[in-house]
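First the structure, in the form of structure tokens, and then the observations on it.
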Amino acid sequence: MNYFAHLVLAQPTVTSKVGNLMGDFMRGIREEALSEPVRAGLRNHRLVDRFTDRHPRVRASRRLFSPRRRRFAGVALDVLFDHFLIRHWSRFHDEDLAQVIRADYRHLQYGQPLMPGPMRETTRRLVSHDWFGHYADLDTVGVALDRIAGRLRFANAFAGSIEDIRAHYGALEDTFLSFYPELRAHVADAALERPVQPGTRAG
């Protein structure tokens, strides 16, 4: 899953939000140096990624991508699933989407001192350019995927992966709609983080 889903599946605290995103920014970080609430969020991040990567329907969805882009399919699906979560938000969550996004942005701003440098830079761009507010638009997803492909450190032909997504949009959407409730239940059952009521800034 990508940034928005990881934040949604976190607890409503700064430390949880930071930990649940930090899994993508662990290069050079000593895990034992992190506070326990951040480490709990990190464990939750890894739980989410393991469940997603091993889910049969998600694995099958990767085969819908063309052979030259299939190696990139996992990344593409992560970003696409944020798009689907935003589009179908009210199907799964009662909270107002715009308020949730604003709260996530505030948590990320408050959490800047807890983040490694690359994570600070990414989350600052995320907030200032309102990434989540634009992810409902499929063209924006395509641009984001091409930028990710362009930053990879090896030559690739992953650009244009939105073409594969458009060709199989309905099937990929069905996969998400059946998979996401299972993911939420898995996270709730694992209970790696202490439940916290919304409105808590840190903990």
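Numbering-wise, our numbering puts 135 at position 135 of the sequence shown, and it's gapless, one number per residue. Virtual Cβ for every residue (Gly too), placed ideally from N, Cα, C.
Return the chain-ordered list of same chain residues with a C-beta closer than 6 Å to the C-beta of residue i, the five sequence neighbours on each side being excluded.
| i | result |
| --- | --- |
| N20 | H6, A10, G41, N44, H45 |
| Y105 | V127 |
| H168 | L64 |
| A159 | D146, A149 |
| Y135 | D82, H83, I86 |
Check whether the Cβ atoms of residue i and residue j lie closer than 7 Å to each other.
| i | j | result |
| --- | --- | --- |
| F228 | M1 | A question about residue 228 goes unanswered here, because the residues of the chain that appear run from 1 up to 203. |
| H83 | V38 | no |
| V18 | G117 | no |
| A190 | L47 | yes |
| P205 | V187 | Coverage of the chain is limited to positions 1 through 203, which leaves residue 205 absent and any answer about it impossible. |
Would you please verify whether the beta carbon of residue i is less than 7 Å from any beta carbon of chain B?
| i | result |
| --- | --- |
| H93 | In the structure shown, chain B cannot be found, because there is only a single protein chain. |
Rounded to a whole number of angstroms, what is the C-alpha to C-alpha distance between residue i and residue j?
| i | j | result |
| --- | --- | --- |
| E31 | R59 | 29 Å |
| G203 | V14 | For G203, the pLDDT reaches just 47, beneath the cut-off of 50, and the residue's location in the model is therefore unreliable, leaving the point undetermined. |
| G170 | L177 | 11 Å |
| A157 | R69 | 7 Å |
Among the options, which one has its Cα closest to the Cα of residue i?
| i | options | result |
| --- | --- | --- |
| P181 | T123, S90, H107, G170 | S90 |
| D137 | V79, T52, R184, V75 | V79 |
| D130 | E36, L114, L108 | L108 |
In chain order, what residues of the same chain have a beta carbon less than 7 Å from the beta carbon of residue i, not counting five sequence neighbours either side?
| i | result |
| --- | --- |
| I101 | F132, G133 |
| E173 | F84 |
| I29 | P116 |
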